[in-house]
Structure formats: C-alpha cells, structure tokens
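Remarks on the structure that follows.
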Amino acid sequence: MKEKLKKYSGVICFFCTIILFILTMILVFNYSTDIWYYMKWKVVIFTGIILSLVQLFLVILTGKLKRAVIIESILLWLLLFINKIRYTYTYEPLTFSDFVYSTNAGELFTLIKNSILEVVWGVLPVFACIAVVFAFMIWIASLVNCNIKGNLKVRALKSLIPLSVLIILFAPSKSVKDFVFTYVYDKYSQKDYGHNTSNAQYYAEDTMIGGMYGDLLESRIFEPDNYNPEKLNELINNFEEIEEEEKWEKSNIIVTFSESFFDVSLLEDDVKFKELPTPNFNRLKDEGIFVNMISPSYGGVSANVEFEFLTGYSLNFFGRGYTPFMALYKNKKYANKLSLVKELNNNGYNTRVVFGKDYFNSKNVYKYLGMDSYEEKDVRSKYKGYYTSDEYLMDETIKAFENKRDDEKMFYMNCTIESHMPFIKEKYKEYDVEIEESKLSQSMTDVLLSYSQSCYDADEQLGRMYDYIQTLSEPTILVFFGDHLPYLPDTETKDDLLEHLSYFNTKDQLLNDFRKYNTQALVLANFDIKETDGMDYLSPDMLLTTILNKMDIQLSDYYKWLYTTKDVLPNSNYLVTTDLEGKLYYTNNLNGEMKRIYDLKERMQYNNLIDD
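If you want the numbering used here, it's the 1-based position in the sequence shown plus 558.
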C-alpha cells in the first residue's frame, strides 16, 4: 500500500492542490462579498478542470510540480486579493475585462488611493492565512518531488496539448459557448429562470474562476442568425413611421434615476405600515403616466439600466453578466455610435448627468454617449445614511434649472445613491417610517424598515420635484423610476428577503419572475400628457425612446424605426416579456410576430452597435 501511495504521490498531490485551491476560492470569495450561496457543482467541477489544465501546462513546461504550484499559488493569491479590493470599492467582482481594458485599473486606483492602506490592513490577517496555506502546499509538493522528464524543447511541445484545450475554452467559438452554457452553467435551460444578474451572486454560485470564465463567455458576441446588413439598411430606409396625432411640445427633461426604488406599499400582505411610505408615488400615478417597467437587472449593475435607457439598445442580446459600459464603452470608437443623448444634442439640448456616487467611474462612457456635462457629487457633509442624500441631489437639480438660460432646453439626469445597499437598521439615526405589524423575523423586518426609509426619502423628493416643475413656465417632463429591485440580505441568515415576501412568491412562477424585475416608472409633466396610449408597459430601452418620439423634435431613422416595434415588443428583459396589455411571456418562448420582432431587433442592434 505504501509503495502504491509513493508511486502515485505526484498525482495525489496534483489533485489535492486543485481541491484546496477551489475550497480557498469558495471560502475567500464568499467572505469578500458576504454572500453565501449554494455552489453549482457542475461549474465547481468544471472549474477544477480549468485549474487542472493550467497546472498541467505549468508542470510540463517547468518540469516540476513544485514550480507549478508556486506559480499557481501566487497567481491565485493575487486574484483573490485584487478581487477583495475591487469588491470593497465597487460592489462588483473581478472580471477578465478588468485586465483587457487597461483604463479599468486606473479608474479603480482613483477610487482606492485615499484609503487603500486602511483596507489592506483590514484584510491582511485573512490573506496572511491564505499565504500560509499556499506555502504549506508548496512544501508538500517539494516533498513529493514530482519531475517531468525531457529537455525544455520536448516539454514545451508536450505542454501545447493542455494549452490548446485552454485556448479553445478561452477563445471559444459559438458552438463551444453554447455547449458550456447549456450543459455546465445551465444558462439556456428552463431551470435557470431564477438566475440573478448580480455578478457577485453569480460568482458566488460558480466560484471565482468559474464566475470569471462564465463572464468571459458572456462577453463573447457572435453574429446573429440570418444577419444581412444590406437588408437591415434597406428596412431602415423604407419603414412606415408612426404618426402621432398630436405631438408633445419640445420640453426640458428631468430624469430621476432612483437607486433601488420600489413601491414598498405593495408588501401589505407581510407588513403593515403605520402610514403609507410612498404617498407621492401613489398619488402621482393619476397625474401622469404610470409605467410597469421590466428592468434588465436585479440586485445591482445599475449601469446596465443606464445603458438601455440612454441608448435604446437592449441587454437581452448580450450575456447575462455582461456590462456594456465596461466591455464596449471603454473603446473610443463608441463615440461614433448612436445614442438617445446624441439625439437630444442634435436638437439643441444641453445634456447633463449627475451621480451621487458613480461606482463604474463612467465619465468617459458618458462622454462617448454624448453627454455635455458629467458630475459626481459624493459630498460627505450631505450624507444621509451612508451616501449623499436624495434631498441634496434634488437641491442641485433645482439649482441647475434656476441657473439655465431661458433659450436653452435641458436634459438633466440625476442618479441617486442614498438607497444603495447595505440596508441595516443602523443606517439611519431617525425613521419617518414605522412598521406596526410584520410576519417576518425581527432581523428581516429591520432590513425592510431600513429599505423603506430609503424609499420614503426618494418618494418625498419625487413630490418635491413634481411641485417644482409646476412652477416653471417652460414645458418640462419629469421621469422617475427605480433602476432595479434591491438585493436585501437578512443580517442573520443572509437569505434574500424577496424569497420570504408573499408579493414575490405567488403560485404563478411567471408572475413571480416578472415582479422580481418590475420597477415602476412615472412620466409627469407641467402640461397635459394623460391621454397617451401605449405606455403602460415599457422596458428602459423603450422608455426614453418613446418619450422622444412623442415630442416635436427630429430623430434619426433608427430611433423612429425602433419606436414602431413598441406595439409588438414594448417591455422585455432576458427572462420575461409583456405585451401592451401586460400579458406575460417567457422571453425564450416567444413566437409569432413577437419572436420575429425580437430577432429583428437583435440583428438591428448588432448592425448599429457591434458591426464595424
């Protein structure tokens, strides 16, 4: 028995190091994100295969198992450490695109330079322990003394075998991508309907390497089936426009892009509030247009909602973890791509965006979108809770309109941050919201109370902004919507609160999925817009597209054509689609005219955005 163990000690050590690497990733990544989700074991095994291929390549090339373990230990330690730093500042994990786009590193350094030492000091004990574990593995590998025979030239030729497999995996064809997503990640299967678009939770399910690899696969964009740019261009030149009976006046536009806002009064089956926490939102539904919007995101990645809203393009035609702002708009060529911001610029608008905090550091992105002015107002003296208050950002909005020229039209997008996670009772010193009765545990009730206070504050500023635009003599439109529903982890169990709320857990799974992504929007104005049809259900890509098409301004043919699809496919994300009446469909099960328009939009988007 001892002789057999000695004979196969190199193989045993090889696989033991792989297992230990995977366990380290699972524990450290979940520690980094504070999200403890179940592992998808097929992906965990696939991660082991990837690590085995990397280690086999290193063993053959270097000639010694010890050398391979040293290299892999150093690389993995650095990846885990960088990921922890990145997540601390951005609430987003490390991706391969961070290495591809060099500007990402510079933007991250800008965010961390003032407090990096404090963060490093805080995580040093954990990463010192990891270093000790990896050092122990290296010592074991040195005792095994597993060597590969042959000179460097011979070993280099042999190492091409695992290297070739890695190249196939990391520079995949469409067939490889589809195979891996279908049979390993289950991303094209029925059981993936509940998949979360938050990269952090996505990685927590798949391990760090599995998550990074899945994100890499999703970033691979392939030419759609039946793609013919000549036919698409011909269609754009010959479609029949929608003629509005009466156009809206050319108006100023104020957009309140409200972080994680949701009408919490809908949760009445589980909690009873002393007073309605969102009175203005509910009152103003009758003053303007109420839109049931399907967000492309849940729990995070606000930038994807910004992308859809400001470009008219859809996240449906990218991978689930894809972030166009990070993957596409780091490239200067996107300064030449169409956007709704540029449509406004072409009509003489002064376009401005203001962030309470910009986690994506997207100044250049907005420059490429065509925004005239970008500002970040992370003002500590104006914090409420952990971030700049909604009230201060509304003060700044009003100030901008008080100072603008009478002869200019303004598009002002205000991206709030007060309602960003975390949601814990200690977030606010005083509460205007009171929960009188609750079916939830005390810790869950406290989380919901914190979130409800955030929604109350956003609602209060909504009422204030509506009252303000009524004082303006110029026609002005106010667009208010939550970007996505929040991830609400219970402080004790780490369970997502939405899994315990009756509103999101009916007997109808399709309705549950819709509600998880349903963030309501309001379109209000200081002139009459109530008699407007066809806006009850719009996703972010169609919301601003529809508003601009209803105004008396000039638009590019592409956005006029996109508007013609509204009556067939008004409201959709990768999971759920509705028609104009609100009937629900699973997006991967569309048929008839809805399927035809869906496929046509994908080809048209590829032609405008991706194809050079």
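Just so you know, even glycine gets a beta-carbon here, dropped at the ideal spot from N, CA and C.
What do you get for residue i, buried or exposed, if any count of 16 or more other CB atoms within 10 angstroms of its CB means buried?
i: Leu636; result: exposed
i: Asp1025; result: exposed
i: Val690; result: exposed
i: Asp1091; result: exposed
i: Trp697; result: exposed
i: His753; result: Note that His753 has pLDDT 40, beneath the 50 cutoff, so the model's placement of it is unreliable and no number is given.
i: Glu792; result: exposed
i: Ile811; result: buried
i: Pro683; result: exposed
i: Phe573; result: exposed
i: Trp1119; result: buried
i: Asp1170; result: exposed
i: Gln1028; result: exposed
i: Phe913; result: buried
i: Thr909; result: buried
i: Asp1099; result: buried
i: Gln1011; result: buried
i: Ser660; result: Note that Ser660 has pLDDT 42, beneath the 50 cutoff, so the model's placement of it is unreliable and the number below is only indicative. Flag for Ser660 reads exposed.
i: Lys832; result: exposed
i: Ile628; result: buried
i: Val991; result: buried
i: Ile577; result: exposed
i: Lys598; result: buried
i: Ser1130; result: buried
What do you reckon, are the CB atoms on residue i and residue j nearer than 7 Å?
i: Tyr926; j: His1042; result: no
i: Asp827; j: Ser1060; result: yes
i: Ile852; j: Tyr1121; result: no
i: Tyr880; j: Ser777; result: yes
i: Leu882; j: Phe867; result: Sequence inspection shows Pro at residue 882; the Leu mentioned does not correspond to that position. Not closer than 7 Å, so no.
i: Ser1191; j: Lys940; result: The structure shown does not extend to residue 1191, since the chain is modelled only from 559 through 1170, so no value can be given for it.
i: Gly1021; j: Tyr986; result: no
i: Lys600; j: Val712; result: no
i: Leu790; j: Asn1107; result: no
i: Met695; j: Thr620; result: no
i: Leu1096; j: Pro1128; result: yes
i: Ser631; j: Phe728; result: no
i: Asn972; j: Thr814; result: yes
i: Tyr907; j: Lys967; result: yes
i: Ala714; j: Lys624; result: no
i: Gly846; j: Thr605; result: no
i: Glu1160; j: Phe875; result: yes
Give me the Cα-Cα distance between residue i and residue j, rounded to the nearest whole angstrom.
i: Glu807; j: Lys830; result: 42 Å
i: Tyr1009; j: Tyr945; result: 14 Å
i: Tyr751; j: Glu901; result: Only weak support exists for where Tyr751 lies, its pLDDT of 37 falling under 50; the value from the coordinates is given anyway. Cα-Cα distance, rounded: 35 Å.
i: Tyr970; j: Cys1013; result: 21 Å
i: Ser1174; j: Glu1057; result: Because the chain here runs from 559 to 1170, residue 1174 falls outside it and cannot be looked at.
i: Gly772; j: Ile725; result: 15 Å
i: Trp679; j: Ala885; result: 32 Å
i: Glu933; j: Val911; result: 6 Å
i: Leu1046; j: Ser977; result: 12 Å
i: Thr1104; j: Asn850; result: 14 Å
i: Phe780; j: Pro730; result: 10 Å
i: Asn889; j: Lys915; result: 23 Å
i: Ala1083; j: Thr974; result: 20 Å
i: Glu960; j: Tyr950; result: 15 Å
i: Ile993; j: Ser931; result: 41 Å
i: Leu1007; j: Glu984; result: 11 Å
i: Phe1062; j: Asn784; result: 38 Å
i: Leu1125; j: Lys642; result: Reading off the sequence, residue 1125 comes out as Asp, not Leu. Going from the Cα of Asp1125 to the Cα of Lys642 covers about 45 Å.
i: Leu616; j: Thr765; result: 22 Å
i: Asp1115; j: Thr653; result: 36 Å
i: Leu581; j: Asp936; result: 38 Å
i: Leu633; j: Met929; result: 39 Å
With 7 Å set as the bound, which would you pick, yes or no: does the beta-carbon of residue i sit closer than that to a beta-carbon of chain C?
i: Tyr924; result: The structure shown contains no chain C; it holds only a single protein chain.
3 or more residues per run - each beta strand (DSSP E) lying fully within the stretch 795 to 874: 810 to 816, 829 to 831 and 847 to 852
contact_flag[the stretch 1065 to 1077, the stretch 1125 to 1145] where n(CB pairs < 8 Å) is 3 or more: yes
Secondary structure, alpha helix (DSSP H): runs of 4+ residues fully inside the stretch 1085 to 1125: 1098 to 1108 and 1115 to 1122
Minimum length 3: unbroken beta strand (DSSP E) runs contained in the stretch 912 to 961: 931 to 934
Touching by the beta-carbon criterion (3+ pairs, under 8 Å), the stretch 989 to 1008 and the stretch 1031 to 1038: no
At least 3 beta-carbon pairs within less than 8 Å: the stretch 595 to 609 vs the stretch 702 to 712: no
Runs of alpha helix (DSSP H) lying entirely within the stretch 581 to 638, each at least 4 residues, in chain order: 599 to 620
Inside the stretch 672 to 730 only - alpha helix (DSSP H) runs reaching at least 4 residues: 674 to 702 and 710 to 728
Segments of 3+ residues assigned as beta strand (DSSP E) that fall wholly inside the stretch 955 to 1022: 967 to 973 and 993 to 996
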